[in-house]
Amino acid sequence: MTLDLDECYEHVLGLVEQAGQIIASRNYGEKTVVEKSSNIDLLTETDQQVERLLMDGITGKYPDHKFIGEEETSAGKKAELTDDPTWIIDPVDGTMNFVHSFPHSCVSIALLVNKQAEIGIIYNPMVNQKFTARRGKGAFMNEKQIRVSGETRLEYALATTEFGTSRDEERTAIVLENIGKLVRVVHGMRSLGSAALNMAMVALGGADFNYECGIHAWDIAAGDLIVRE
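Residue 423 is where the sequence shown starts when you use the numbering used here, and the numbers rise one by one after that.
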């Protein structure tokens, strides 16, 4: 049976909007926080609730679809990408921001079919920026088409970056050395605290490229499609 991607997109967009309402309603309140791999790799009850909302909402309509999610994987479930329709989910990308009530976190979700991205959505409900893309149909912010800047000269490029969640001394030294080299040759650098939102800024043309170390599939699956479109 052929998957109706139009119907699929509309269904998931509604779920993402519900998820955004949850995140926005809790951004400025108290949170229950659990440390994962370190004291800067964090999980909140909102991460878990949003992931469950998305997965249950999708499974109820598409019971054969698969999932690769940050919180699922962190809990020890093995991630495996097949040709089956697979949703790659980061329920709250920028959890550190969310914990500190810094208004730059988002829902990030992508659908891959036959290992090819078909749908990508990034939604920051605190500032009401919703980035969407369908393969071959362009990229949009709040339904207005967006494009990358097209800048190819490093000296005029604004880059986005993150330091990652590892604080291993040797790894951190390498990351800082690389960023130090980059900052000397670009026009400027910015860090939003969310790989997905960094990618969204590239898609919008507000930044020219994103440079990061230690990212995972759920960090960039949606952003990659949105930038390409």
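The beta-carbon is built from N, C-alpha and C at its ideal position, and this holds for glycine as well.
Computed from a predicted model, the values in this text were never measured in an experiment.
Counting only residues of its own chain and dropping the five nearest sequence neighbours on each side, Val597 has a CB closer than 7 Å to the CB of Phe585, Gly586 and Cys635. Along the length of the stretch 566 to 633, whole alpha helix (DSSP H) runs at least 4 residues long occupy 591 to 605 and 617 to 626, reported in chain order. Ile445 and Pro547 have their C-alpha atoms roughly 7 Å apart.
In the DSSP assignment, Met477 falls within the alpha helix (DSSP H) that extends over Glu467 to Lys483. Of all C-beta pairs linking the stretch 432 to 450 to the stretch 499 to 507, fewer than three are shorter than 8 Å, placing the two stretches out of contact. Per the DSSP secondary-structure output, Ile511 pairs in a beta bridge with Gly491 and Ile531. The stretch 442 to 456 makes no contact with the stretch 481 to 495: fewer than 3 CB pairs, one atom from each, lie closer than 8 Å. Residue burial annotation: His522 is exposed, with fewer than 16 other C-beta atoms found within 10 angstroms of its C-beta. Counted as a single uninterrupted DSSP element, the beta strand (DSSP E) harbouring Glu540 occupies residues Gln538 to Asn546. Straight across, the Cα-Cα distance linking Val535 with Trp509 is about 9 Å. Across the set Asp428, Glu577, Glu592 and Ala618, the C-alpha of Ala618 shows the shortest separation from the C-alpha of Ser530. Met563 and Thr554 have their alpha carbons spaced roughly 6 Å apart.
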